[in-house]
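For reference, each letter of the sequence shown is one residue, going 382 to 716 in the working numbering.
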Amino acid sequence: MVGNNELQIYPLGGERAQELAYPPITYHYSVGANARHVYVIGSLTENNHSQLYVWDLHRGSARNYTIFYLQPHALIKHLYEIEKTRGMLVCKTDTSFLIYGIRISHEFATISVDQLLLSYPASGNQFWSSARAGNGIIFVAERINNHSLYVAYIHFDQPVRRVLLTSSADTLRFSGQPWVYGHHIYLFETSTNGNDDGKCLTGRLVRTDIKYGRFELIDTKFDKTGHFPEDSYGCMPHRVKHVERDGCLWVISETAKPAVLSIENDFKSVCSVSMLNMNTLKWKKLGWCFEAEFDQLTLDVTPQGTVVLLKKLFSKRYTQAFVDSFYFIKTRLVL
382 MVGNNELQIY PLGGERAQEL AYPPITYHYS VGANARHVYV IGSLTENNHS QLYVWDLHRG
442 SARNYTIFYL QPHALIKHLY EIEKTRGMLV CKTDTSFLIY GIRISHEFAT ISVDQLLLSY
502 PASGNQFWSS ARAGNGIIFV AERINNHSLY VAYIHFDQPV RRVLLTSSAD TLRFSGQPWV
562 YGHHIYLFET STNGNDDGKC LTGRLVRTDI KYGRFELIDT KFDKTGHFPE DSYGCMPHRV
622 KHVERDGCLW VISETAKPAV LSIENDFKSV CSVSMLNMNT LKWKKLGWCF EAEFDQLTLD
682 VTPQGTVVLL KKLFSKRYTQ AFVDSFYFIK TRLVL
């Protein structure tokens, strides 16, 4: 288990439930460079427009930020603070994905759209995602006409790099979102089971090079046993969420409940956090376990290597959510 000097816990929900309300429907969570500001994009109901909530963890306060110069009917989806006052905002209209460079003012609680960095055609049900990549982001979207994957690598001061992945998207079996390390994009491969509830990770990664879009499958291994991390029941994770920083992939994993336990009333879901070294492709199981449902947990990592993990608490009817705890983890103590 993690010692007290390695894991700092800040329980906030009971103290400031009104102030730190959390949108029940959440599209994105990210943390600023100094771990002070937390950005959450979400809405109160399916019919509401998305809003930007920003928490100041130094002050223990939360505010809705106003966004200026946004195209009409554009819904905000993802936000990344790239520098102290600059960032990137991913939006979606009925016909397009729009990625903007933005200016952030915490003093006035505003976001100002600075420039349009990318526009890409959108349809109703296509797969898409974005992720932080160094001092920029990647944007991934399923092409409408042939189901292949379009990837754009976006930086402020460089031309957008684009590549079309050569394998059809419908042949990929993966969990979580794509991430970038070096000159490659990665995905977690899942089993071929057609039932979504029965799928689990295989321990392999789908890797494609950004320049040519060629795919390959690569194995990962656990430090001691040589196997992908399993839970205490010997089961493989079936859902993951993750963030990569400086060669470390931080992963929240959830394992499917064993059938014999899933009917027990007192069974509590326990999610765990692991770290994958992208240089060696070795796993490190950290022993950080949380009695929480998968949807209650999310994390991000600062450039200095501090993991900021959030646990949220839903009301009984899932009509409201509040911040329960923040966990601050200094990664230099575990690497």
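Where is the CB? At the ideal position from N, CA and C, for every residue including glycine.
Quick one: residues in its chain with C-beta nearer than 6 Å to the C-beta of residue i, no 5 flanking neighbours on either side, listed in chain order?
i, result
"L451", "V494"
"K515", "A small correction: the amino acid at residue 515 is Gly; Lys does not occupy that position in the sequence shown. Correct list: empty, nothing qualifies."
"V419", "V412 and W436"
"Q677", "K692 and K693"
"S511", "H459, V471, I518 and F520"
"V561", "A514 and I519"
With burial defined as no fewer than 16 other Cβ atoms inside 10 Å of the residue's Cβ, what is the status of residue i: buried or exposed?
i, result
"S504", "exposed"
"K465", "exposed"
"P453", "exposed"
"S486", "exposed"
"Y461", "buried"
"T426", "exposed"
"G517", "buried"
"K592", "exposed"
"T636", "buried"
"H718", "The chain is shown only over 382 to 716; residue 718 falls outside these bounds and no answer can be derived."
"G423", "buried"
"H619", "buried"
"F707", "buried"
"T601", "buried"
"G441", "exposed"
"G628", "exposed"
"V532", "buried"
"L642", "With a pLDDT of 48 at L642, under the threshold of 50, the modelled position of that residue is not reliable, and the figure given next carries that caveat. By the neighbour-count rule (16 or more Cβ atoms within 10 Å), L642 is not buried but exposed."
"V541", "exposed"
"I599", "exposed"
"G557", "buried"
Along the chain, where does the beta strand (DSSP E) that runs through residue i open and close?
i, result
"L497", "T491 to P502"
"R620", "P618 to R626"
"V419", "H418 to S424"
"R542", "R542 to L546"
"L433", "Q432 to D437"
"R595", "Element bounds for R595: n/a, residue is neither H nor E."
"M469", "R467 to K473"
"E635", "C629 to T636"
"H536", "L530 to H536"
"T366", "Residue 366 is absent from the structure shown; the chain starts at 382 and stops at 716."
"T571", "H565 to T571"
"F725", "Since the displayed the chain opens at 382 and closes at 716, residue 725 lies outside it and no answer follows."
"Y450", "Segment: none, Y450 is in no beta strand (DSSP E) and carries neither H nor E."
"Y461", "L456 to E462"
"F520", "G517 to E523"
"H487", "Neither: H487 is in no beta strand (DSSP E) and is coded neither H nor E."
"Y410", "I406 to V412"
For residue i, which residues from the same chain have a beta carbon less than 8 Å from its beta carbon, with the 5 sequence-adjacent residues on both sides left out?
i, result
"I644", "Low confidence applies here, because I644 scores a pLDDT of 49, under 50, leaving its location unreliable; read the following figure in that light. Excluding residues within five positions, none has a Cβ falling inside 8 Å."
"P490", "Reading the sequence as shown, one finds Ala at residue 490 and not Pro. Excluding positions up to five away in sequence, the list reads V435, R444, N445, Y446 and T447."
"C472", "L451, Q452, A455, L456, I457, K458, F478, L479, I480 and Y481"
"F449", "T491, I492, S493 and V494"
Looking only at its chain, what residues have a beta carbon closer than 7 Å to the beta carbon of residue i, apart from the 5 residues adjacent to it on each side?
i, result
"A550", "Any reading at A550 needs caution, since the residue's pLDDT is 48, under 50, leaving its predicted position unreliable; the model's value is listed next. F508, E523, H528, S529 and L530, listed in sequence order."
"T589", "L546, H565, I566, R595 and F596"
"L497", "L479 and Y481"
"T583", "E570, T571 and S572"
"V624", "W631, L680, D681 and V682"
"G468", "L460, Y461, E462, I483 and I485"
"H430", "S424 and L456"
"S525", "First, the residue type needs correcting, since residue 525 is Ile and not Ser in the sequence shown. So the qualifying residues of the chain are P502, S504 and Q507."
"K622", "G557, I633 and T679"
Inter-stretch contact at 8 Å, needing at least 3 Cβ pairs: the segment 407-414 / the segment 664-671:
no
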